[in-house]
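First the structure, in the form of structure tokens, and then the observations on it.
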Amino acid sequence: AQSVTQLGSHVSVSEGALVLLRCNYSSSVPPYLFWYVQYPNQGLQLLLKYTSAATLVKGINGFEAEFKKSETSFHLTKPSAHMSDAAEYFCAVSDRSGGSNYKLTFGKGTLLTVNP
Amino acid sequence: DTGVSQDPRHKITKRGQNVTFRCDPISEHNRLYWYRQTLGQGPEFLTYFQNEAQLEKSRLLSDRFSAERPKGSFSTLEIQRTEQGDSAMYLCASSLGQGATGNQPQHFGDGTRLSIL
Chain A
1 AQSVTQLGSH VSVSEGALVL LRCNYSSSVP PYLFWYVQYP NQGLQLLLKY TSAATLVKGI
61 NGFEAEFKKS ETSFHLTKPS AHMSDAAEYF CAVSDRSGGS NYKLTFGKGT LLTVNP
Chain B
117 DTGVSQDPRH KITKRGQNVT FRCDPISEHN RLYWYRQTLG QGPEFLTYFQ NEAQLEKSRL
177 LSDRFSAERP KGSFSTLEIQ RTEQGDSAMY LCASSLGQGA TGNQPQHFGD GTRLSIL
């Protein structure tokens, strides 16, 4: 079974500072990888996805993530944090084989706080 | 693209009552998923529909839970004899899948938050 580990349940940065949210996956075959953001009392919004093209993936709102097979990682970064980035971020994977029905397995999430 | 719609947004009910939630996916999406999210956790998969067929159910989905997607459009999730442990956010997601393509992202609704008194 696949699993996702997000290191750090809470990350706090200053406005304008680098944002780095960590995600490691456990799978014998590189899965599809996703980052979602969730604002309070809302559903999840897709930030970006990795499906096997370029290993550096650019998403919305200035976020990007790099797939590193050797490290089984898919860390999310943003060069300069904005107050509006404060939210909970989830890393998710889905199996490439159709047998899994492409359901998502999520990490426990990282709450990002941005300080003025 | 009007997005995934879920109704109601909030539901408060007494233990032992039955509740039903509705999800309207993006119109052309043939895949529909239900997830459950408890406080401080990521969403957990409950069940999956491809068109009207329910193709997978998680072990989390006890026999008190039932889901339908009668015409391959909207879906309902019913919980019978609710328990305290059912309190959670129930999220619906849909995606467009053709053949063996799993790289289409799932689009989520805003969820239904269930509180059991």
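Chains as they are written, first to last, in the working numbering: chain A, 1 to 116; chain B, 117 to 233. Built from N, CA and C at the ideal position, the CB exists for glycine as well. Quick caveat: nothing in here was measured; it's all calculated off a predicted structure.
Separation of residue j from residue i, as counted between CA atoms
{"i": "B:Lys187", "j": "B:Ser211", "result": "16 Å"}
{"i": "B:Asn167", "j": "A:Val19", "result": "39 Å"}
{"i": "A:Leu44", "j": "A:Ser94", "result": "16 Å"}
{"i": "B:Thr136", "j": "B:Arg147", "result": "20 Å"}
{"i": "B:Phe181", "j": "B:Thr228", "result": "15 Å"}
Short CB-CB distance (under 7 Å) between residue i and chain A
{"i": "B:Asp140", "result": "no"}
{"i": "B:Phe224", "result": "yes"}
{"i": "B:Gln157", "result": "yes"}
{"i": "B:Leu171", "result": "yes"}
{"i": "B:Phe137", "result": "no"}
{"i": "B:Phe165", "result": "no"}
Per DSSP, the bridge partner or partners of residue i
{"i": "A:Asn115", "result": "A:Ser14"}
{"i": "B:Cys208", "result": "B:Trp150"}
{"i": "B:Lys127", "result": "B:Leu230"}
{"i": "B:Ser139", "result": "Looking at the sequence shown, residue 139 of chain B is not Ser but Cys. In the DSSP output, where bridge partners are listed per residue, B:Cys139 has B:Gln122, B:Ser191."}
{"i": "A:Val57", "result": "A:Ala65"}
{"i": "A:Asn24", "result": "A:Thr5, A:Ser73"}
Contact with chain B by residue i, beta-carbon distance below 7 Å
{"i": "A:Phe63", "result": "no"}
{"i": "A:Phe67", "result": "no"}
{"i": "A:Lys58", "result": "no"}
{"i": "A:Gly16", "result": "no"}
Listed by chain order, chain B residues near residue i by CB distance under 7 Å
{"i": "A:Gly121", "result": "Not covered by the structure: residue 121 of chain A. The range shown for chain A is 1 to 116."}
Contacts that residue i makes with chain B (C-beta to C-beta distance below 9 Å)
{"i": "A:Leu46", "result": "Pro221, Gln222, His223, Phe224"}
Neighbouring residues, chain A, relative to residue i (Cβ below 8 Å)
{"i": "B:Phe161", "result": "Lys103, Leu104, Thr105"}
Partner residues on chain B for residue i, Cβ-Cβ distance less than 8 Å
{"i": "A:Gly109", "result": "Gly156, Gln157, Gly158"}
Select from the stretch 75-93 of chain A all residues with a C-beta closer than 8 Å to any C-beta belonging to chain B, and list them in chain order. For the stretch 75-93 of chain A, which is checked against every Cβ of chain B, the residues closer than 8 Å are Phe90, Ala92.
The stretch 23-34 of chain A: positions lying closer than 7 Å to chain B by Cβ: Within the stretch 23-34 of chain A, the qualifying residues are Tyr32, Phe34.
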